[in-house]
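Below is one structure, written out as structure tokens; the observations come after it.
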Amino acid sequence: ELDAEVSADIERAGRLGIHAVPTFVFEGTYGISGGQAVEVFAGALDQVWRELHPQPLITIPGSADNQACGVDGCAPVS
2 ELDAEVSADI ERAGRLGIHA VPTFVFEGTY GISGGQAVEV FAGALDQVWR
52 ELHPQPLITI PGSADNQACG VDGCAPVS
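Be aware that the sequence shown starts at 2, since it is given in the working numbering, and climbs by one per residue.
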């Protein structure tokens, strides 16, 4: 049973292109191979977090004047 799990992990690692130990994979997209500095991990975690939790556009009070502007000028938006 354990042999099958290890074989499956090795096969998956091969499909992901992993050839170094240790390798850390975040969200199935980002990989860090080998021994790396803390800053490398912090940067990867920050990037993954920002992609998974995008910040909504924050409207500054008083800036929403119900107009949309384009190449032909501005017009009220209902």
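Think of the CB as a built atom: it goes at the ideal place given N, C-alpha and C, for glycine as much as any other residue.
(message) Between the alpha carbons of residue 7 and residue 39, how many angstroms are there, rounded?
(response) 28 Å
(message) According to DSSP, simplified to helix, strand and coil, what is residue 26?
(response) strand
(request) Give the C-beta separation of residue 25 and residue 18 to the nearest angstrom, bearing in mind that I take them to be a contact with Cβ-Cβ under 8 Å. (result) Actually they do not touch by this definition, with Cβ atoms about 14 Å apart.
(request) Go to residue 1, then tell me how far its alpha helix (DSSP H) extends in each direction, as first and last residue. (result) Residue numbering for the chain in the displayed model covers 2 to 79; residue 1 lies beyond these limits and cannot be assessed.
(request) For my contact list, residue 45 and residue 27 are in at a C-beta cut-off of 8 Å; report their separation, rounded to the angstrom. (result) 6 Å
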